[in-house]
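Participant: For the sequence shown, position 89 matches number 88 in numbering that gives the first Met the number 0, and the numbering has no gaps at all.
Glycine is no exception: its CB is placed at the ideal position from the N, C-alpha and C atoms.
One structure is given below, represented as structure tokens, and several questions about it will come after.
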Amino acid sequence: MTPEIAAKSGKLPNQLEKQARITVFGHSMIKNGSGKSDLNGAPDNGRVTNLGLTAKPAAFKNRRFIPRNQKAQGFMKDRKDMLAGAGTDTKLCHIGHDPSSFHGFVNPPVVHASTVLFPDVKTMETRAQKYTYGTRGTPTTDALCEAIDELEGSAGTILVPSGLAAITVPFLAFLSAGDHALIVDSVYSPCRHFCDTMLTRLGVEVEYYDPEVGSGIEGMIRPNTKLVHTEAPGSNTFEMQDIRAIADAAHKHGCVVTMDNTWATPLYFRPLDFCVDISIHAATKYPSGHSDILMGTVSANAAHWDRLREANITLGICGSPDDSYMILRGLRTMNLRLEHHGRSALVVAEWLEGRDDVARVLHPALPSFPGHDIWKRDFKGASGIFSFVLAVDAPQKFKPKARAFLDELSLFGLGYSWGGFESLAVMVNLDDRRIRKAPSEGPVIRLQIGLENVEDILADLHRGFKAAASV
Numbered sequence: 000m001t002p003e004i005a006a007k008s009g010k011l012p013n014q015l016e017k018q019a020r021i022t023v024f025g026h027s028m029i030k031n032g033s034g035k036s037d038l039n040g041a042p043d044n045g046r047v048t049n050l051g052l053t054a055k056p057a058a059f060k061n062r063r064f065i066p067r068n069q070k071a072q073g074f075m076k077d078r079k080d081m082l083a084g085a086g087t088d089t090k091l092c093h094i095g096h097d098p099s100s101f102h103g104f105v106n107p108p109v110v111h112a113s114t115v116l117f118p119d120v121k122t123m124e125t126r127a128q129k130y131t132y133g134t135r136g137t138p139t140t141d142a143l144c145e146a147i148d149e150l151e152g153s154a155g156t157i158l159v160p161s162g163l164a165a166i167t168v169p170f171l172a173f174l175s176a177g178d179h180a181l182i183v184d185s186v187y188s189p190c191r192h193f194c195d196t197m198l199t200r201l202g203v204e205v206e207y208y209d210p211e212v213g214s215g216i217e218g219m220i221r222p223n224t225k226l227v228h229t230e231a232p233g234s235n236t237f238e239m240q241d242i243r244a245i246a247d248a249a250h251k252h253g254c255v256v257t258m259d260n261t262w263a264t265p266l267y268f269r270p271l272d273f274c275v276d277i278s279i280h281a282a283t284k285y286p287s288g289h290s291d292i293l294m295g296t297v298s299a300n301a302a303h304w305d306r307l308r309e310a311n312i313t314l315g316i317c318g319s320p321d322d323s324y325m326i327l328r329g330l331r332t333m334n335l336r337l338e339h340h341g342r343s344a345l346v347v348a349e350w351l352e353g354r355d356d357v358a359r360v361l362h363p364a365l366p367s368f369p370g371h372d373i374w375k376r377d378f379k380g381a382s383g384i385f386s387f388v389l390a391v392d393a394p395q396k397f398k399p400k401a402r403a404f405l406d407e408l409s410l411f412g413l414g415y416s417w418g419g420f421e422s423l424a425v426m427v428n429l430d431d432r433r434i435r436k437a438p439s440e441g442p443v444i445r446l447q448i449g450l451e452n453v454e455d456i457l458a459d460l461h462r463g464f465k466a467a468a469s470v
């Protein structure tokens, strides 16, 4: 500030300097001689929006975030009550976060933590505060658990580092040496490996049952049967199960019923509504949606929540805050993505059914599929993964034709897992099946239908069939 300008104004230089300093949303700006501020060179039209070095603009004060429950008191007593009657997309947009708890920010913060400090020794000894250690939860992991509970209708949810861990943790929680467990034969293959190795070594007797057994499972229950595990549809071959009938029979004998519900997600099937005790979900798949996160969720009803949670704490297993945040973000668009996956998958499945070089299409939403009636009765929709049996006239040609088909694909990636945005294909190995053996008509090829245009997907598959025909 020059003495000449100060003299014309009748004020001391430091007074004008202070007056010219304006604070806009926390940024200080000094007016220069050209009538522009030093921040981005934006013209201020000779106006000073606020005086002083630290005062906040009046407009910003008026925009401070007011918690929703204060603004809507008397109109909406509880946010959860509102969401309970909301549509699926609305729920997914609003579950698992509370902007009023985080200064109005739409998404919850990513809180990294191992150590959590206590204010005094008494609080530390009694653990009389919400957070005590990183493995027992953070605001980020809690936000995801609350969102999953809202979708599942569960009393509580734990987060684990993979979909497989989401199966093994409840098995370890509810099974002990000398117990007997009934596992569906169409189970996820790594689950079978865990049962046949670790569970067996721990003294648990494992028996596999036909996925279509229904209420007949009661005849397989022994005095020491403690757990019945279901999966619908089944892995790779997609057999449907009458979940309620199985659960009712198991509960007559005090068994815990678990279900791997990854295919349908809680948007299309809620296991706890069908008397299942523990709902298992590989959040790696549709909740993530981008093939870049590994996580599992396990949700329990009130009767089994405490034991599940205690086992998880004892095992020291937890989900990371970064992965939790990414899964929570994926939930916002899961219904939109799932609808696209399911719609395209059904188009592809119907197209495959009309081909002479396809022996069978294994998709529960097709009327020709043996478990279609159960799917139609119990499920709200179908996701984007299914299998088909390639028609081959000689067993020695099964693998050569399947390899030729897969190697010719360019849009489809060759890889495990599913639920991401890209289409995937894999030749299925059913050698470990004990009851539901591999089809005799040809090799089973599993397709994950991604978010690409369905016309491009069909064109890519057509090239694969052409290559298989040449073998």
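As a quick exercise: from G318, S161 and V360, pick the residue whose alpha carbon is nearest that of T261.
Facilitator: Of G318, S161 and V360, the residue nearest in Cα terms is S161.
Participant: Taking only runs of the beta strand (DSSP E) that begin and end inside the stretch 339 to 375, which ones reach a length of at least 3 residues, in chain order?
Facilitator: Whole beta strand (DSSP E) segments, 3+ residues: 357 to 361.
Participant: Sort L446, S234 and R243 by Cα distance to V346 and report the nearest one.
Facilitator: Checking every option, the nearest Cα to that of V346 belongs to L446.
Participant: So if DSSP puts R445 in a beta bridge, which residue, or which two residues, is it bridged to?
Facilitator: Per DSSP, S386 and V425.
Participant: Spatial neighbours of V470 within its chain, please: CB distance less than 7 Å, with the 5 preceding and 5 following residues excluded, ordered by chain position.
Facilitator: Around V470: K396, P399, K400 and A403.
Participant: Excluding the 5 residues preceding and the 5 following E204 in the sequence, name in chain order all residues of the same chain whose CB lies nearer than 6 Å to its CB.
Facilitator: Correct list, in chain order: H179.
Participant: The ligand SAH heavy atoms versus the CB of H228: any closer than 7 Å?
Facilitator: Looking for the ligand SAH in the displayed structure turns up nothing, as the structure carries no ligands at all.
Participant: Use the C-beta contact count for T140: other C-beta atoms within 10 angstroms, 16 or more gives buried, fewer gives exposed.
Facilitator: Classification of T140: buried, given that the 10 Å Cβ count is 16 or more.
Participant: Taking contact to mean 3 or more Cβ pairs, one atom from each stretch, closer than 8 Å, check whether the stretch 190 to 200 and the stretch 214 to 222 are in contact.
Facilitator: These segments do not touch.
Participant: Can you tell me whether M294 is helix, strand or coil according to DSSP?
Facilitator: Three-state result, M294: coil.
Participant: Over the uninterrupted beta strand (DSSP E) stretch that includes E230, give me the two end residues.
Facilitator: Here the beta strand (DSSP E) through E230 covers T224 to E230.
Participant: Is A299 helix, strand or coil by DSSP?
Facilitator: Strand.
Participant: Whole beta strand (DSSP E) runs in the stretch 244 to 277 with 3 or more residues, listed along the chain?
Facilitator: Counting whole runs of 3 or more residues, the stretch 244 to 277 contains the beta strand (DSSP E) stretches 255 to 259.
Participant: What would DSSP say about T114, mapped onto helix, strand or coil?
Facilitator: Three-state DSSP puts T114 in a strand.
Participant: Helix, strand or coil for K465 per DSSP?
Facilitator: The answer is helix: DSSP assigns K465 an H, G or I state.
Participant: Rounded C-beta distance between A151 and G95? I'm assuming under 8 Å.
Facilitator: It should be pointed out that residue 151 corresponds to Glu in this sequence rather than to Ala. Incorrect: roughly 12 Å between the Cβ atoms, too far for contact.
Participant: In the DSSP output, what is L181 paired with across the bridge?
Facilitator: For L181, which the question treats as bridged, DSSP gives the partners E206 and V227.
Participant: Looking only at DSSP bridge pairs, what is Y132 linked to?
Facilitator: Per DSSP, T114.
Participant: Between the beta-carbon of R433 and the beta-carbon of P210, is there less than 8 Å?
Facilitator: In this structure, P210 does not lie closer than 8 Å to R433 by Cβ.
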